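**Q**
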Amino acid sequence: MSLTKAPTMAATMLTGMVVMVFGFWFYSIAAALMRARCIMLERERASEWAVEYARGSA
Amino acid sequence: MNWFKYSSPQTFFPLAGKLVPWFGALALVACVAGLYIGFFRAPTDAQQGEAYRIIFIHVPAAWMSMFLYLVMAFWAGWGLAFNTRLSGMMASAIAPTGALFTFVALWTGSFWGKPTWGTWWVWDARLTSELILLFLYFGFMALQAAIDDPRRADRSSTFRSSGGTRCTRARR
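First to last, the protein sequences are chains A and B.
Residue numbering for the first sequence follows the numbering used here, starting at 125 and increasing by one per position.
Residue numbering for the second sequence follows the numbering used here, starting at 1201 and increasing by one per position.
(1) Mind checking Val-1322/B: buried by the 16 CB within 10 Å criterion, or exposed?
(2) What separation, rounded to the nearest whole angstrom, lies between the Cα atoms of Ala-1342/B and Ala-135/A?
(3) Quick one: which chain A residues come within Cβ less than 7 Å of Ile-1237/B?
(4) Using a Cβ-Cβ cut-off of less than 8 Å, give me the residues of the region 1338–1357 of chain B that come near chain A, in sequence order.
(5) Run through the region 1304–1360 of chain B for me and flag every whole alpha helix (DSSP H) of 4 or more residues, listed as ranges in chain order.
(6) Per DSSP, which residues does Gly-1249/B bridge with? Please list them.
(7) Can you look up Thr-1284/B in the DSSP assignment and give me helix, strand or coil?
(8) Just the Cα atoms here: how many angstroms apart are Leu-1340/B and Leu-1334/B?
(9) According to the neighbour-count rule (16 or more other Cβ atoms, all chains shown, within 10 Å of its Cβ), is Ala-1273/B buried or exposed?
(10) Between Ala-1276/B, Leu-1336/B, Trp-1263/B and Phe-1359/B, which lies nearest to Met-141/A when the distance is taken from Cα to Cα?
(11) Counting only Cβ pairs nearer than 9 Å, list the residues of chain B close to Gly-147/A.
(12) Would you mind giving the Cβ-Cβ distance between Ala-1291/B and Ser-1361/B, rounded to the nearest angstrom? I have them listed as a contact below 8 Å.
(13) Among residues of its own chain, excluding the 5 on either side of Gln-1248/B, which ones have a beta-carbon nearer than 7 Å to its beta-carbon?
(14) Name, please, each residue of chain B whose Cβ falls closer than 7 Å to the Cβ of Met-178/A.
(15) Buried or exposed: which applies to Thr-1297/B, given that a residue is buried once 16 or more other Cβ atoms fall within 10 Å of its Cβ?
(16) Does any C-beta atom of chain B lie closer than 8 Å to the C-beta of Arg-169/A?
(17) What is the residue span of the alpha helix (DSSP H) that Gly-1234/B lies within?
(18) With DSSP as the reference, label Glu-172/A as helix, strand or coil.
(19) For Thr-1328/B versus Ser-1207/B, is the C-beta distance shorter than 8 Å?
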């Protein structure tokens, strides 16, 4: 993508798409972290910290 | 600061819990801003009129579907190489979100194709490879689910995701 040639797409269109990409990245990180927490609790359910957490939030 | 202390589930778990609401809020703000720009600020297209505006969802979703696959494969590979439990968990955590964006890209793409090309689907290289990417995500998740031992499941899925990475690179 050239910075000196004339834009092939209206600048606002590109801005809109870039902002949406950021939004999707933030969503993906939030979703992946939430899911990772569930996976951690599930896989490490025998460990002390997981048992403590389950007891604490019960 | 020693970042490696977060490589154990015990320490990463509370950190992840703190980060989730921040990223969720940022996501909401960015998506609202992006959709506002896309639907109210961007000009009407000379050829396609207003129908083109679906690109504000379709294109970012397609980018995410590809990047997330690479991130997923990275974590799976890291876990295999360094035998860290948490890396495999991250790969598993990313997979459904990646599959979701792939589906969104395909679905919004169909909605874009109908008014502009006159068809919901065509078996060209880009569309077909995105569909294959969806199947790769499903394969990754299915393979994970099929193997009872999580460590073995992670290792098997790593090989699937690394093979799929070559597909993704070829797409670009």
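By construction, the Cβ of each residue, glycine as well, lies at the ideal position given by its N, Cα and C atoms.
All values reported here derive from a predicted model rather than from experimental measurement.
**A** Reading it off the structure:
(1) Locating residue 1322/B in the second sequence gives position 122, counting from the first residue. Exposed, since its Cβ has fewer than 16 Cβ neighbours within 10 Å.
(2) On the second sequence, position 142 is the one that residue 1342/B refers to. On the first sequence, position 11 is the one that residue 135/A refers to. Roughly 41 Å separates the two Cα atoms.
(3) Along the second sequence, read from residue 1 onward, the residue named residue 1237/B stands at position 37. When 7 Å is used as the limit between beta carbons, Ile-1237/B is near these residues of chain A: Thr-136, Thr-139, Gly-140 and Val-143, in chain order.
(4) Residues of the region 1338–1357 of chain B with a C-beta atom less than 8 Å from some C-beta of chain A are Pro-1350, listed in chain order.
(5) Runs of the alpha helix (DSSP H) inside the region 1304–1360 of chain B: 1325–1346.
(6) The residue labelled residue 1249/B in the question sits at position 49 within the second sequence. The partner list for Gly-1249/B (beta bridge, DSSP) reads Asp-1245/B.
(7) Along the second sequence, one-based indexing puts residue 1284/B at 84. Coil.
(8) Here residue 1340/B corresponds to residue number 140 of the second sequence, with the count starting at 1. Here residue 1334/B corresponds to residue number 134 of the second sequence, with the count starting at 1. Reading off the sequence, residue 1340/B comes out as Phe, not Leu. Near 10 Å, if we compare the C-alpha coordinates of Leu-1334/B and Phe-1340/B.
(9) Residue mapping note: residue 1273/B aligns to position 73 of the second sequence, counting from 1. Residue burial is scored here from C-beta neighbours: Ala-1273/B has at least 16 other C-beta atoms within 10 angstroms and is therefore classed as buried.
(10) By one-based count along the first sequence, residue 141/A stands at place 17. When each option's Cα is compared against that of Met-141/A, the closest is Trp-1263/B.
(11) In the first sequence, residue 147/A corresponds to position 23, counting from 1. The CB of Gly-147/A comes closer than 9 Å to the CB of Leu-1226, Ala-1227, Leu-1228, Val-1229, Ala-1230, Cys-1231, Val-1232, Ala-1233, Gly-1234, Leu-1235 and Pro-1260 in chain B, given here in chain order.
(12) Locating residue 1291/B in the second sequence gives position 91, where the first residue counts as 1. Locating residue 1361/B in the second sequence gives position 161, where the first residue counts as 1. Distance from Ala-1291/B to Ser-1361/B at the Cβ level is roughly 7 Å; contact confirmed, criterion being Cβ atoms closer than 8 Å.
(13) Here residue 1248/B is taken as the residue at index 48 of the second sequence, counted from 1. Taking C-beta separations shorter than 7 Å and ignoring five residues to either side along the sequence, the partners of Gln-1248/B in its chain run Thr-1316, following chain order.
(14) Counted from its first residue, the first sequence places residue 178/A at position 54. Sequence inspection shows Ala at residue 178/A; the Met mentioned does not correspond to that position. In chain order: nothing, as chain B lies at least about 12 Å away.
(15) Within the second sequence, the letter at position 97 stands for residue 1297/B. Its Cβ being crowded by 16 or more others within 10 Å, Thr-1297/B is buried.
(16) Along the first sequence, one-based indexing puts residue 169/A at 45. So no, Arg-169/A is outside the interface.
(17) For the purposes of this step, residue 1234/B is taken as the residue at position 34 of the second sequence. Note, Gly-1234/B: alpha helix (DSSP H), 1209–1236.
(18) Position 48 of the first sequence, counted from the first residue, corresponds to residue 172/A. Helix.
(19) Taking the second sequence and counting its residues from 1, the one referred to as residue 1328/B is at position 128. Taking the second sequence and counting its residues from 1, the one referred to as residue 1207/B is at position 7. No, Cβ-Cβ distance for Thr-1328/B and Ser-1207/B is not below 8 Å.
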